[in-house]
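Trainee:
There are 2 protein chains.
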Amino acid sequence: MKLITAEQFLNNNADQSSAADDEKKIDQAVLEIIQEVRSSGDKALYDYTKKFDKVELDQLAVTEEEFLEAEKQVSDSFIQALRKAQQNISEFHQNQMEKSWFVNKEPGIMLGQKVTPLEKVGVYIPGGKAAYPSSVLMNVIPARLAGVETVAITTPPQSDGSINPHVLVAAKQAGADKVYKLGGAQAIAALAYGTESIPKVAKIVGPGNAFVARAKKWVYGDVAIDMIAGPSEICVLADDTASPKYIAADLLSQAEHDESARAVCVTISEPLAEQVIMEVRQQASRLERKEIIDQSLEQFGKVILAADKEEAFNVVNIIAPEHLELMIENPQEQLEYVKNAGAIFLGSYSPEPLGDYFAGPNHTLPTSATAAFASPLGVYDFIKKSSVIQYSQEALREAASSIQTLAETEGLTAHSNAIQVRKDGPHA
Amino acid sequence: MKLITAEQFLNNNADQSSAADDEKKIDQAVLEIIQEVRSSGDKALYDYTKKFDKVELDQLAVTEEEFLEAEKQVSDSFIQALRKAQQNISEFHQNQMEKSWFVNKEPGIMLGQKVTPLEKVGVYIPGGKAAYPSSVLMNVIPARLAGVETVAITTPPQSDGSINPHVLVAAKQAGADKVYKLGGAQAIAALAYGTESIPKVAKIVGPGNAFVARAKKWVYGDVAIDMIAGPSEICVLADDTASPKYIAADLLSQAEHDESARAVCVTISEPLAEQVIMEVRQQASRLERKEIIDQSLEQFGKVILAADKEEAFNVVNIIAPEHLELMIENPQEQLEYVKNAGAIFLGSYSPEPLGDYFAGPNHTLPTSATAAFASPLGVYDFIKKSSVIQYSQEALREAASSIQTLAETEGLTAHSNAIQVRKDGPHA
Chain H
5 MKLITAEQFL NNNADQSSAA DDEKKIDQAV LEIIQEVRSS GDKALYDYTK
55 KFDKVELDQL AVTEEEFLEA EKQVSDSFIQ ALRKAQQNIS EFHQNQMEKS
105 WFVNKEPGIM LGQKVTPLEK VGVYIPGGKA AYPSSVLMNV IPARLAGVET
155 VAITTPPQSD GSINPHVLVA AKQAGADKVY KLGGAQAIAA LAYGTESIPK
205 VAKIVGPGNA FVARAKKWVY GDVAIDMIAG PSEICVLADD TASPKYIAAD
255 LLSQAEHDES ARAVCVTISE PLAEQVIMEV RQQASRLERK EIIDQSLEQF
305 GKVILAADKE EAFNVVNIIA PEHLELMIEN PQEQLEYVKN AGAIFLGSYS
355 PEPLGDYFAG PNHTLPTSAT AAFASPLGVY DFIKKSSVIQ YSQEALREAA
405 SSIQTLAETE GLTAHSNAIQ VRKDGPHA
Chain X
5 MKLITAEQFL NNNADQSSAA DDEKKIDQAV LEIIQEVRSS GDKALYDYTK
55 KFDKVELDQL AVTEEEFLEA EKQVSDSFIQ ALRKAQQNIS EFHQNQMEKS
105 WFVNKEPGIM LGQKVTPLEK VGVYIPGGKA AYPSSVLMNV IPARLAGVET
155 VAITTPPQSD GSINPHVLVA AKQAGADKVY KLGGAQAIAA LAYGTESIPK
205 VAKIVGPGNA FVARAKKWVY GDVAIDMIAG PSEICVLADD TASPKYIAAD
255 LLSQAEHDES ARAVCVTISE PLAEQVIMEV RQQASRLERK EIIDQSLEQF
305 GKVILAADKE EAFNVVNIIA PEHLELMIEN PQEQLEYVKN AGAIFLGSYS
355 PEPLGDYFAG PNHTLPTSAT AAFASPLGVY DFIKKSSVIQ YSQEALREAA
405 SSIQTLAETE GLTAHSNAIQ VRKDGPHA
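Keeping their order, the protein sequence lines are chains H and X.
Quick note, my numbering runs 4 ahead of the 1-based positions in the first sequence.
Quick note, my numbering runs 4 ahead of the 1-based positions in the second sequence.
#1: Please confirm if X:Q32 has its CB atom under 8 Å from at least one CB of chain H.
#2: Can you find the residues in the same chain that come closer than 7 Å, C-beta to C-beta, to X:V333, ignoring five residues on each side of it along the sequence?
#3: Taking just the CA atoms, how far does X:I38 sit from X:D31?
#4: With a 10 Å radius around its C-beta and 16 neighbouring C-beta atoms as the bar for buried, classify X:P370 as buried or exposed.
#5: What residues are listed by DSSP as bridge partners for H:N344?
#6: Taking Cβ positions only, does X:K46 come closer than 8 Å to chain H?
#7: Using the rule of at least 16 other Cβ atoms within 10 Å of the residue's Cβ for burial, across every protein chain shown, is H:G429 buried or exposed?
#8: Determine, using beta carbons only, whether X:R293 comes closer than 8 Å to chain H.
#9: To which residues does DSSP link X:K124 through a beta bridge?
#10: Assign H:F2 to one of two classes, buried (16 or more other C-beta atoms within 10 Å of its C-beta) or exposed (fewer than that).
#11: Based on the DSSP output, what are the partners of H:Y50 in its beta bridges?
#12: Listing by chain order, which chain X residues have their CB less than 7 Å from the CB of H:P345?
#13: Considering X:A242, what are the terminal residues of the beta strand (DSSP E) in which it resides?
#14: Anything in chain H within Cβ reach of X:Y224, meaning under 9 Å, just list it in chain order.
#15: With distances taken between CB atoms, is the gap from H:D230 to H:L328 smaller than 8 Å?
#16: Have a look at H:L72, H:E315, H:K204 and flag the residue whose alpha-carbon is nearest the alpha-carbon of H:M125.
#17: I'd like to know if X:N436 contacts chain H, where contact means its C-beta is closer than 8 Å to some C-beta of that chain.
#18: Is it true that the CB of X:H419 sits closer than 8 Å to the CB of H:E357?
#19: Does H:E260 come within less than 8 Å of chain X when only Cβ atoms are used?
#20: Got a sec, what are the start and stop residues for the beta strand (DSSP E) X:Y395 sits in?
#21: Give the list of continuous beta strand (DSSP E) stretches no shorter than 3 residues that lie fully inside the region 217–303 of chain H.
#22: Cβ closer than 9 Å: which chain X residues qualify as neighbours of H:K88?
#23: In terms of alpha-carbon separation, which member of H:P335, H:N168, H:F56 lies closest to H:V183?
#24: Does the Cβ of H:H367 have 16 or more other Cβ atoms within 10 Å, making it buried, or fewer, making it exposed?
#25: So what does DSSP say about X:K204, is it helix, strand or coil?
#26: Report the three-state DSSP secondary structure of X:H327 (helix, strand or coil).
#27: Would a check of beta-carbon distances place H:E414 closer than 8 Å to chain X?
#28: Which value, in whole angstroms, describes the spacing of the CA atoms of X:S163 and H:N318?
#29: Using the three-state DSSP reduction, which class does H:A65 fall into: helix, strand or coil?
#30: Under the assumption that X:Q117 contacts X:S391 (Cβ atoms under 8 Å), give the Cβ distance between them as a whole number of angstroms.
#31: Please name the residue, chosen from X:I423, X:A432, X:T413, X:K427, that lies closest to H:Q77 on a Cα-to-Cα basis.
#32: To be precise: take each residue of the region 112–123 of chain H, compare its Cβ to all Cβ atoms of chain X, and keep it if any distance is under 8 Å. Which residues remain?
#33: Does any CB atom of chain X fall closer than 8 Å to the CB of H:T417?
#34: State the DSSP-derived secondary structure class of X:L400, mapped to helix, strand or coil.
#35: From the DSSP output, read off the bridge partner residues of H:Y184.
#36: Are the C-beta atoms of H:R148 and some chain X residue less than 8 Å apart?
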């Protein structure tokens, strides 16, 4: 964990471009997989699952028996915790529901916006070494609230062909319609274009590794996606009122995700900066995932010392972190200075894991500075809007000359004709 | 214009995939341009403008003198029509404004969603043969309403180095901050990554040709984009109450856009189908842009005959048209059957050009069946959301065991530690 000044940070931050070379290699593999799934369908899915997940499957869809078996394998305390989390997530996301609206602008003129849920949605849940039942809740619940008809999960099978029981229990509880044993770029291709056993969806959401992320970029446009997720990030903005122990614990909780996770503290207090670095070192030594943590901190861990509050917020807004903790006095009053952040945690008792699992807001958040333009996953990701326009004959007649003037300015005379025929009448 | 049955349409609609070969050639050129703009900045922009637009520019930004000169060149009737359109567009889009909200869920628990406008936005406006002042209004107005700080337009210069005066007048009136003389993939690259004279933006919106569309796909992720626009489309769903003359005029207004524009009529009335085809032929012969219209209709024009209402709406929803006209009895009552459409025009006196120029809803709409998951451009495209979470010490203590159970289930023990240190207190 390095201590640098805000000035040093700002000078070195010029090119935040993505690692183009790595991407090229991954893209080549990903494009081949997408092509193969489009041309060979299910056969390609079974073949890739054998190749990458080392397992030969008979069918992709998880059976009712497997769901029942999973329920027996999880603890009561897990189910209790999952239910409370589900309750909080549902409650928060209900605030995001949108309704169609229609207005009578003038006599003879009705305008509106029709809200329609997406019909089918695919949710990717990572598998392999870890299991993420929390991601199941965070992705399935807002889709269900939006009114999506079919929510299908794909997640890579374990080497014995099974799916982690916590994931299956969460899928059932959140109301997913199907779970398919399928991971990687092949899962994204199957959801985007459909195969014999996996129906094409309108949108693909959920986190994944670099192959999944690049596959999502490639299918984007043929299908909607939530975002292209990069490494997870935390930024703690702290002043002297904050506990270095709490700050360190939160930085470490981010660093344990993986070697490329980014944990940064921004402060104007040099003593605090030094205490945080010391605390990080001490607590890290006691943590299970110390190796991952050390690598993450070594590469990306930083305490950034700013000259004043303005510079500190400037650094925060340039980082545009996925998670921002404001461990400062009266954090609510400082909220207006935050322009770019996925989720903002206020005060000393709102650590990131509270948001990751429990509080209610979504944990699928924009990474890699995309909080400058992107939002957390929400109910709004699972609906689309259609404009509605209705004019009476009289109302159109009044508007006619303006429309014709504008159409003719653009040289689109058949547009003008569509107005003219209505002025002339149907039998002219 | 061909007459086919719904069954024939549905059987031939299996693969709606994009034309991959054309795209590959365009991509190669586009990627080279993006790379060159990233490495050489303004110099690349001047070079490409010389190469593609055949003009050597001294500076990219339109000057105040050029804006003043443009005002002298446009007619009063144009300015009048533009002002009325702007008024309607502003009024409609004000219904889309979103506010931050905060709720006190329980004592000690505050949750919320903070809404922040994007800081900088780039609007691409096509140039060349035609000029699109209406697109200026449709893209700039919602950005301004959202509270975007800087709205920059790029549009290719004419061969004398000027920009069409109607476009400049619309830009000024809608409140754009800057207009740059720059088109093609180089404009998208400049907006996405910034150069000496063009600041990097958070989001790029607006229509463009295939190079612009592919460039937007490539920069997507580093910057937000509105959509990847395909050819423009209309679908008219009509019954015997509709005037074949009006239907034909509307199909023709779409077909004049360009050779790849798509005009389709769906009906369950065979006599109507035949009358529409006849009317199209008659009206087309009198229209200025007959050549473009003929090519568009030859390739993509269709009247689709459905067996019943259900099949007709099924065809409409599969087409998921950019523009849908319901020229049927009591169209409002049929709205619920429309699942996928960018904008829906109800009745005989709501022709598409009314929406293109004047009524108020946006004319930037999802094409190529993406209305299955995408929405019209709106104020919501120019804001982003941040979740806000604040728990008191007491509230966190009550949630602690649930959070720790879920974190440990996922094997993320440093997440659990971030809760534990707060249970232990800052000095434990």
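C-beta atoms are modelled at their ideal positions from N, C-alpha and C, and glycine is treated no differently.
Mentor: Taking the definition as stated:
#1: The sequence position of residue 32 of chain X within the second sequence is 28, counting from 1. False, the Cβ-Cβ gap to chain H never drops below 8 Å.
#2: On the second sequence, position 329 is the one that residue 333 of chain X refers to. Correcting the residue identity first, residue 333 of chain X is Glu in this sequence and not Val. For X:E333, where only same-chain residues beyond five positions count, the Cβ hits under 7 Å are D243, T245.
#3: Sequence index remark: in the second sequence, residue 31 of chain X carries index 27 (1-based). Sequence index remark: in the second sequence, residue 38 of chain X carries index 34 (1-based). X:D31 and X:I38: Cα-Cα distance of roughly 10 Å.
#4: Within the second sequence, numbered from 1, the residue matching residue 370 of chain X stands at position 366. Label assigned to X:P370: buried.
#5: The sequence position of residue 344 of chain H within the first sequence is 340, counting from 1. H:N344 pairs with nothing; no bridge assigned.
#6: The residue labelled residue 46 of chain X in the question sits at position 42 within the second sequence. Per the sequence presented here, residue 46 of chain X reads as Asp, with Lys not at that position. No, no contact with chain H.
#7: As a first step, residue 429 of chain H must be located in the first sequence, where it is residue number 425. By the neighbour-count rule (16 or more Cβ atoms within 10 Å), H:G429 is not buried but exposed.
#8: Taking the first residue of the second sequence as 1, we reach residue 293 of chain X at position 289. Closer than 8 Å: yes.
#9: For the purposes of this step, residue 124 of chain X is taken as residue 120 along the second sequence, with counting starting at 1. DSSP output for X:K124 lists X:T154 as bridge partner(s).
#10: What the structure shows of chain H is the stretch from 5 to 432, and residue 2 of chain H is not part of that stretch, so it cannot be assessed.
#11: As a working mapping, residue 50 of chain H is identified with position 46 in the first sequence. Bridge partners of H:Y50: none, in fact.
#12: Here residue 345 of chain H is taken as the residue at index 341 of the first sequence, counted from 1. Per the sequence shown, residue 345 of chain H should be read as Ala rather than Pro. Those are S390, listed as they occur along chain X.
#13: To locate residue 242 of chain X, count along the second sequence from 1; it is residue 238. Segment 237–242, the beta strand (DSSP E) holding X:A242.
#14: Stepping through the second sequence from its first residue, residue 224 of chain X is reached at position 220. Per Cβ cutoff of 9 Å: K221, Y224, G225, I232.
#15: Within the first sequence, the letter at position 226 stands for residue 230 of chain H. Within the first sequence, the letter at position 324 stands for residue 328 of chain H. The answer is no: Cβ separation not under 8 Å.
#16: Residue mapping note: residue 125 of chain H aligns to position 121 of the first sequence, counting from 1. Note that residue 125 of chain H is Val in the sequence shown, not Met. Checked all of H:L72, H:E315, H:K204; the closest Cα to H:V125 is H:K204.
#17: Because chain X here runs from 5 to 432, residue 436 of chain X falls outside it and cannot be looked at.
#18: Walking along the first sequence from the start, residue 357 of chain H turns up at place 353. Walking along the second sequence from the start, residue 419 of chain X turns up at place 415. It should be pointed out that residue 357 of chain H corresponds to Pro in this sequence rather than to Glu. Contact flag set, yes.
#19: The residue you call residue 260 of chain H lines up with position 256 of the first sequence. Taking Cβ atoms only, chain X reaches closer than 8 Å to H:E260, which makes this a yes.
#20: Translated into positions along the second sequence, residue 395 of chain X becomes position 391. Here the beta strand (DSSP E) through X:Y395 covers 387–395.
#21: 237–242, 266–271
#22: Working through the first sequence from its first residue, we reach residue 88 of chain H at position 84. Those within 9 Å of H:K88 in chain X are A403, S406.
#23: Walking along the first sequence from the start, residue 183 of chain H turns up at place 179. Closest by alpha carbon: H:N168.
#24: Here the question's residue 367 of chain H lines up with position 363 in the first sequence. With 16 or more Cβ atoms within 10 Å of its Cβ, H:H367 is classed as buried.
#25: Within the second sequence, residue 204 of chain X is the residue found at index 200, counting from 1. Residue state, collapsed to three classes: coil.
#26: Mapped onto the second sequence, residue 327 of chain X falls at position 323. Strand.
#27: Stepping through the first sequence from its first residue, residue 414 of chain H is reached at position 410. Closer than 8 Å to some Cβ of chain X, the Cβ of H:E414 qualifies, so yes.
#28: In the second sequence, the residue the question calls residue 163 of chain X occupies position 159. In the first sequence, the residue the question calls residue 318 of chain H occupies position 314. In a straight line, the C-alpha of X:S163 is about 42 Å away from that of H:N318.
#29: As a working note, residue 65 of chain H is residue 61 in the first sequence. Strand.
#30: By 1-based counting over the second sequence, the position of residue 117 of chain X is 113. By 1-based counting over the second sequence, the position of residue 391 of chain X is 387. Yes, they are in contact, since the Cβ atoms of X:Q117 and X:S391 sit about 6 Å apart, within 8 Å.
#31: Along the first sequence, one-based indexing puts residue 77 of chain H at 73. The candidate whose alpha carbon is nearest that of H:Q77 is X:T413.
#32: I113, M114, L115, Q117, K118, T120, L122, E123
#33: On the first sequence, residue 417 of chain H is found 413 positions in, with the first residue counted as 1. Yes - at least one Cβ of chain X is within 8 Å of the one on H:T417.
#34: By 1-based counting over the second sequence, the position of residue 400 of chain X is 396. Helix, per DSSP.
#35: Along the first sequence, one-based indexing puts residue 184 of chain H at 180. Paired residue(s): H:A65, H:T158.
#36: As a working note, residue 148 of chain H is residue 144 in the first sequence. It does not; no Cβ of chain X falls within 8 Å.
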